[in-house]
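If you read the sequence shown in my numbering, its first letter stands for residue 7, the second for the next number, and so on.
Cβ coordinates follow ideal geometry from the N, Cα and C atoms, glycine included.
As the structure is a prediction and not an experimental result, all values here were calculated from the model.
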Amino acid sequence: MPVQAQETAHGGHPTTGTWSTTIPAGVTVAYTIKPHPYLSFSPNPIGVGQELLVNMWLTPPSAENKYLTGYTVTITKPDGTKEVIGPLNSYVADGTAWFTYIVDQVGEWKLKFSFAGQYFPAGRYLNGAIVTNTSGTLYPAHYYEPVSTAEQTLIVQNEQVMSWSSPLPTDYW
């Protein structure tokens, strides 16, 4: 089943580098952030075989020149099978990520967004990577705690769901 994760041409960030989901032993962070996770998908209801748009984000976001990694969405199909999409990274600075998914079974689906947590070492960042230059913001070491949304329900039906439409005008145009 094809899954199209965000691409890099418009700000998405590929999975690069190694980021810790825990604070390394012996490290003291300047602050710990408990983010709030959000998950949305549309359309809902949707027709079998149609493309679902799935969006996820955390607030507060990671700040300028950094991105969050380790986003996953667990999809539970009506027959009980589970599929995990990810790990995905957020766009630089805004904490958002997305993918599209083709639904293949009629019934009640469940989706849940999870974030594994992320440790940021002290330093200056550019497009998600630590840089050694001496200009730019010097961030202290900090940690984003792991969080998840509750499961959310998606209804998949046999009938296709039409996208937005507007009737054509009946007078001169």
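Buried versus exposed call for residue i [16 or more other C-beta atoms within 10 Å across all chains shown]
i	result
His42	exposed
Lys72	buried
Trp25	buried
Tyr37	exposed
Tyr131	buried
Ala31	exposed
Gly92	buried
Nonlocal neighbours in the same chain, by C-beta distance under 8 Å from residue i, ignoring five residues either side
i	result
Ser48	Leu58 and Leu59
Gln111	Val54, Lys83, Pro84, Asp85 and Val162
For residue j and residue i, believed in contact at Cβ under 8 Å, the rounded distance
i	j	result
Lys116	Thr159	6 Å
Val153	Phe121	5 Å
Gln124	Gly76	6 Å
Val98	Gly129	The Cβ separation is near 15 Å, so there is no contact.
Residues of its chain near residue i, where Cβ-Cβ distance is below 7 Å and the 5 sequence neighbours each way are ignored
i	result
Val35	Ile29, Ala147, His148 and Tyr149
Pro66	Ile39 and Pro41
Ile161	Asn50, Pro51 and Glu114
Glu165	Gly53
One or two residues paired with residue i in a DSSP bridge
i	result
Gly53	Gln163
Gly113	Val162
Gly101	Paired residues: none, contrary to the question.
Ala135	Leu132
Leu58	Tyr107
Ile29	Beta-bridge pairing links Ile29 to no other residue.
Same chain, Cβ closer than 6 Å to residue i, five either side skipped, listed in chain order
i	result
Val33	none
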